[in-house]
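**Q** Take a look at this one; I'll ask things after.
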Amino acid sequence: MKDYLGKYNLILFEKIDIPRKYKININHKKNEFFYKNLNKEFEIELDIHYSGNNDNNCIAMFIDPLGNIRRKFYSKETLLKEIEEFLYDLFDIDKNIYLRKAYRALSEKKIDNNLLDLLIYSAKLAPSCANKQPWNFIVVTEKDKLTKLKETLPGGNYWAKNSPAILAIFAKKDDDCNLSDNREYYLFDTGMAVANILIQATKFGLIAHPIAGFDPITAKKVLNISDEYTLITLIILGYYGDISSLKEKHLNKEHNYRNRKE
């Protein structure tokens, strides 16, 4: 049975004959991203409008049900193909979600500061309880401090020593909503911000590997974080590097299937 997803607006700036209904089949056979076959079929209907007000030199514009412009089309010759490809991509799982993996083979190549700034900005766009935004970030790239921070890692995280940047994520309970039943919501809210960082880093072609294995007391001293805060995680950042730097245990995990619970 097909799921009907309703109507989506397509604004045309030229009189072009466009199909109004599309059948979208999302099919992933078991591979490195999925623990089982995925087969979903949708029906999508376009609500087509014509407009003469075109200031962008495009010939069509796709607008989602929330009124957001999701795509502008500029080629009349390839318009039908581009619309169909766009719809397939729109309702598939976002590539950066299933391409994300906690790889360990890191390069020492420096990450541009502009990309690091954008990672932080992506985190700030995350939702939070009553918009409290309890998260705090420190990006460590300065050599001496980075070396000291890496010294707080246990032997099992040897692979992180090549990282040119580490992102420290910390927060405190009082900076978020005070909820019943001892729910420490600041941890959940900060986790959502971290998820944004991981997905955005993947889009940039970066590895963003969050770790729990570090000495938080010593790490907080290195970073000058006061005791009232919880240093929740360190995100090891870097470009992909030489896989031969990994020990056999991690070599076997680097490109194997990511098993997920049913």
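For reference, each letter of the sequence shown is one residue, going 25 to 286 in my numbering.
Even for Gly, the Cβ is constructed at its ideal location relative to N, Cα and C.
Given the structure is predicted, the values throughout are model-derived calculations rather than measurements.
Just the Cα atoms here: how many angstroms apart are Thr11 and Glu108?
**A** In the structure displayed, the chain extends from 25 to 286; residue 11 sits before or after that span and is not available.
**Q** Compute the Euclidean distance between the alpha carbons of Trp159 and Tyr209, then round it to the nearest angstrom.
**A** The residue labelled residue 159 in the question sits at position 135 within the sequence shown. The residue labelled residue 209 in the question sits at position 185 within the sequence shown. Cα to Cα, the separation comes out at about 11 Å.
**Q** In terms of residue numbering, what span does the beta strand (DSSP E) encompassing Lys96 cover?
**A** The residue labelled residue 96 in the question sits at position 72 within the sequence shown. 93–97 is the span of the beta strand (DSSP E), which, as asked, contains Lys96.
**Q** Quick check: the Cα distance between Met25 and Pro43, rounded to an integer number of angstroms?
**A** In the sequence shown, the residue the question calls residue 25 occupies position 1. In the sequence shown, the residue the question calls residue 43 occupies position 19. With a pLDDT of 41 at Met25, under the threshold of 50, the predicted position of this residue should be treated as unreliable, though the coordinate-derived value follows. Met25 and Pro43: Cα-Cα distance of roughly 22 Å.
**Q** So Leu177 packs on Val164, CB below 8 Å; how close in whole Å?
**A** Here residue 177 refers to the residue found at position 153 when the sequence shown is read from its first residue. Here residue 164 refers to the residue found at position 140 when the sequence shown is read from its first residue. Wrong, their Cβ atoms sit about 13 Å apart, outside the cutoff.
**Q** Can you tell me which of the three DSSP states Leu149 falls into?
**A** Here residue 149 is taken as the residue at index 125 of the sequence shown, counted from 1. Residue state, collapsed to three classes: coil.
**Q** Are three or more beta carbon pairs between the stretch 129–147 and the stretch 196–210 nearer than 8 Å?
**A** No, because fewer than three Cβ pairs between the stretch 129–147 and the stretch 196–210 fall closer than 8 Å, the two stretches do not touch.
**Q** Is the stretch 219–226 touching the stretch 265–282, taking contact as three or more C-beta pairs under 8 Å?
**A** Contact between the stretch 219–226 and the stretch 265–282 is absent, because fewer than three Cβ pairs lie under 8 Å.
**Q** Just how far apart, CA to CA, sit Asp136 and Tyr263?
**A** As a working note, residue 136 is residue 112 in the sequence shown. As a working note, residue 263 is residue 239 in the sequence shown. Rounded to the nearest angstrom, the two C-alpha atoms are 11 Å apart.
**Q** Using DSSP with H/G/I as helix, E/B as strand and the rest coil, what is Phe212?
**A** For the purposes of this step, residue 212 is taken as residue 188 along the sequence shown, with counting starting at 1. Correct three-state label for Phe212: helix.
**Q** Grab the span of the alpha helix (DSSP H) containing Arg52 for me, first residue to last.
**A** Within the sequence shown, residue 52 is the residue found at index 28, counting from 1. Residue 52 is actually His in this sequence, not Arg. Counting along the chain, His52 falls outside any alpha helix (DSSP H), though it belongs to the beta strand (DSSP E) covering 45–52.
**Q** In whole angstroms, give me the CA-to-CA distance for Leu191 and Phe66.
**A** Against the sequence shown, residue 191 aligns to sequence position 167. Against the sequence shown, residue 66 aligns to sequence position 42. Using only the alpha carbons, I get a separation of about 40 Å.
**Q** Quick check: the Cα distance between Ala129 and Thr171, rounded to an integer number of angstroms?
**A** Looking up residue 129 in the sequence shown gives position 105. Looking up residue 171 in the sequence shown gives position 147. If I take the Cα positions, the gap works out to 18 Å.
**Q** Specify the secondary structure class of Thr176 as computed by DSSP and reduced to three states.
**A** For the purposes of this step, residue 176 is taken as the residue at position 152 of the sequence shown. It is coil, neither helix nor strand.
**Q** In whole angstroms, what is the alpha-carbon distance linking Gly91 and Ala84?
**A** Along the sequence shown, read from residue 1 onward, the residue named residue 91 stands at position 67. Along the sequence shown, read from residue 1 onward, the residue named residue 84 stands at position 60. Whole-angstrom Cα-Cα distance: 15 Å.
**Q** What's the call for His73, buried or exposed, on a 16-neighbour Cβ count within 10 Å?
**A** Locating residue 73 in the sequence shown gives position 49, where the first residue counts as 1. Its Cβ having fewer than 16 others within 10 Å, His73 is exposed.
**Q** Under the rule that 16 or more other beta-carbon atoms within 10 Å means buried, what is Leu149, buried or exposed?
**A** On the sequence shown, position 125 is the one that residue 149 refers to. Exposed, by the Cβ-count rule.
**Q** In three-state terms, what does DSSP make of Asp71?
**A** Within the sequence shown, numbered from 1, the residue matching residue 71 stands at position 47. In this structure, Asp71 counts as strand in the three-state DSSP scheme.
**Q** For His274, which three-state DSSP category applies?
**A** Reading the sequence shown from its first residue, position 250 is the one you call residue 274. DSSP places His274 in helix when its eight states are reduced to three.
**Q** Which residues in the same chain as Glu252 place their Cβ atom closer than 6 Å to its Cβ, once the five residues preceding and following it in sequence are excluded?
**A** Counting from one through the sequence shown, the residue named residue 252 turns up at place 228. Correct list, in chain order: Lys196.
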